[in-house]
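Undergrad:
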Amino acid sequence: MADRTSLRFLFSSMAPASALGAGVALVAILGATAPAVAGPGETLRGFAAHRAVYEMTLARRNDRADVLEVSGRLVYEFSGNTCDGFSSRFRLVTRLTNNDGRARVTDMRTTSFEDGTGKSFDFVNQNLVDGRTIEDTKGIARHDGTATRVTLSGGDGKPVELPAEVRFPTEHMVDLLEAAKAGRSLAEIDLFDGSDGGRKVFRTTVVIGREQTGADDTAAEPAADAALTRGKRRWPVEISYFDRSKPQGDVLPDYQLGFLLYENGVSRQLRLDYGDFAIGGRLSSLEALPTGACK
């Protein structure tokens, strides 16, 4: 999955407000020591167009959690190339039951497009709860060298100005994989993914585990025993999300996202940890999609 940002955004809206704190955010990496990717490179060209399906369940809870049961399915599609740009489509339908037995069904959808040079990012984020639309955000973000400017549909037409160094989802996945290949284990990045109304930047920190090669243990996820993953380098990754508006220091993350990341952008063993409870995603289907060649 080359775009874990959507995953973060969807889970955040699904979870109880008490567990989410002040904000929402998803994955990226580019610390001071991580190499910047100035243009399409080997890592970007190595991304695999694919469709992945994950079965979502409650993985853990403690006595303070207001979540009793979670069930649902996540479908993710990623395609494109460095010439035409990269598109992603994401949908998660989930049923969440709290301790009082009350249930709600959340239908979350996001689509995005990034050009091959990482200069522009178009996004649409929609969230429906029990059939009622509670968020519908559409916008375009562009790097212009001095700032990152976001124009939102339906707004006053005045761009939202963000720091120039913020990264878009595909950009930060390239940075993450470049850091992993270089043997780095820790980095930080400010990420813009269009969530929270398309106006916020989230500070993330990422821990990259030791590279894994050779035979892959797919007993719990048989769908991962596929040509897209077989023999590929992979790394366990854990990312913590912080509300950038809060003072820096000893601030606990709003939540953490863990997954096993392959060198072509495919991921599995999803786990989103909110502290009092965690949600797991088991890969149940994985298929390659056609990839248009650069002309």
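Residue numbers (our numbering): 61 to 355. For every residue, glycine included, the Cβ atom is placed at its ideal position computed from N, Cα and C. Nothing here was measured: the structure is a model prediction, and the numbers come from that model.
1. How big is the Cα-Cα spacing for Arg162 and Gly106?
2. In three-state DSSP terms, what is Pro350?
3. Using a threshold of 8 Å, state whether the C-beta atoms of Gly178 and Phe228 are closer than that.
4. Can you list, in chain order, the residues of its chain with a C-beta nearer than 6 Å to that of Ala240? Leave out the 5 residues immediately preceding and following it.
5. Rounded to the nearest angstrom, what separates Thr170 and Val234 at their Cα positions?
6. Flag this pair as yes or no: are the beta carbons of Ala286 and Leu349 separated by less than 8 Å?
7. Does the beta-carbon distance from Tyr114 to Gly325 come in below 8 Å?
8. Helix, strand or coil: which one does DSSP assign to Leu288?
9. Which runs of the beta strand (DSSP E) spanning at least 3 residues fall entirely within the segment 259-333, listed in chain order?
10. Can you tell me which of the three DSSP states Lys5 falls into?
11. Please confirm whether Glu221 and Arg202 have their CB atoms less than 8 Å apart.
12. Buried or exposed: which applies to Leu134, given that a residue is buried once 16 or more other Cβ atoms fall within 10 Å of its Cβ?
13. Would you kindly work out how many angstroms separate the C-alpha atoms of Phe146 and Asn122, rounded to a whole number?
14. If contacts are defined as beta-carbon pairs under 8 Å, then Ile299 and Gln316 qualify, I think. What distance do you get, rounded to the angstrom?
15. Note down the Cα distance separating Leu332 from Leu118, rounded to an integer number of angstroms.
16. Classify Lys218: buried if its beta carbon has 16 or more other beta carbons within 10 angstroms, exposed otherwise.
17. Starting from Thr166, trace the alpha helix (DSSP H) both ways and give me its first and last residue.
18. Can you tell me whether DSSP reads Asp336 as helix, strand or coil?
19. Per DSSP, what kind of secondary structure is Val234 in: helix, strand or coil?
TA: Quick answer:
1. By one-based count along the sequence shown, residue 162 stands at place 102. By one-based count along the sequence shown, residue 106 stands at place 46. So the alpha carbons of these two residues sit roughly 45 Å apart.
2. On the sequence shown, residue 350 is found 290 positions in, with the first residue counted as 1. The answer is coil: DSSP assigns Pro350 none of H, G, I, E or B.
3. Position 118 of the sequence shown, counted from the first residue, corresponds to residue 178. Position 168 of the sequence shown, counted from the first residue, corresponds to residue 228. Yes, these two residues count as a Cβ contact at 8 Å.
4. Residue numbering aside, residue 240 sits at position 180 when the sequence shown is read from its first letter. Closer than 6 Å at Cβ, skipping near neighbours: Ile268 and Trp295.
5. Locating residue 170 in the sequence shown gives position 110, where the first residue counts as 1. Locating residue 234 in the sequence shown gives position 174, where the first residue counts as 1. If I take the Cα positions, the gap works out to 20 Å.
6. Counting from one through the sequence shown, the residue named residue 286 turns up at place 226. Counting from one through the sequence shown, the residue named residue 349 turns up at place 289. For Ala286 and Leu349, no; Cβs fall outside 8 Å.
7. Position 54 of the sequence shown, counted from the start, is the residue given in the question as residue 114. Position 265 of the sequence shown, counted from the start, is the residue given in the question as residue 325. Going by C-beta atoms, Tyr114 is not nearer than 8 Å to Gly325.
8. Against the sequence shown, residue 288 aligns to sequence position 228. Here Leu288 sits in coil by DSSP.
9. 262-268, 294-302, 315-322 and 327-333
10. Absent from the structure is residue 5, since the part of the chain shown begins at 61 and ends at 355.
11. Here the question's residue 221 lines up with position 161 in the sequence shown. Here the question's residue 202 lines up with position 142 in the sequence shown. No, they are not a contact pair.
12. Counted from its first residue, the sequence shown places residue 134 at position 74. By the neighbour-count rule (16 or more Cβ atoms within 10 Å), Leu134 is buried.
13. To locate residue 146, count along the sequence shown from 1; it is residue 86. To locate residue 122, count along the sequence shown from 1; it is residue 62. Straight-line Cα distance between these residues: approximately 40 Å.
14. Taking the first residue of the sequence shown as 1, we reach residue 299 at position 239. Taking the first residue of the sequence shown as 1, we reach residue 316 at position 256. Contact holds; Cβ gap of about 7 Å.
15. Counted from its first residue, the sequence shown places residue 332 at position 272. Counted from its first residue, the sequence shown places residue 118 at position 58. Straight-line Cα distance between these residues: approximately 10 Å.
16. For the purposes of this step, residue 218 is taken as the residue at position 158 of the sequence shown. So Lys218 ends up on the exposed side.
17. Here the question's residue 166 lines up with position 106 in the sequence shown. Thr166 -> not in any alpha helix (DSSP H); beta strand (DSSP E) instead, spanning Ala163 to Glu174.
18. Looking up residue 336 in the sequence shown gives position 276. Here Asp336 sits in coil by DSSP.
19. Taking the sequence shown and counting its residues from 1, the one referred to as residue 234 is at position 174. If DSSP states are grouped into helix, strand and coil, Val234 belongs with the helices.
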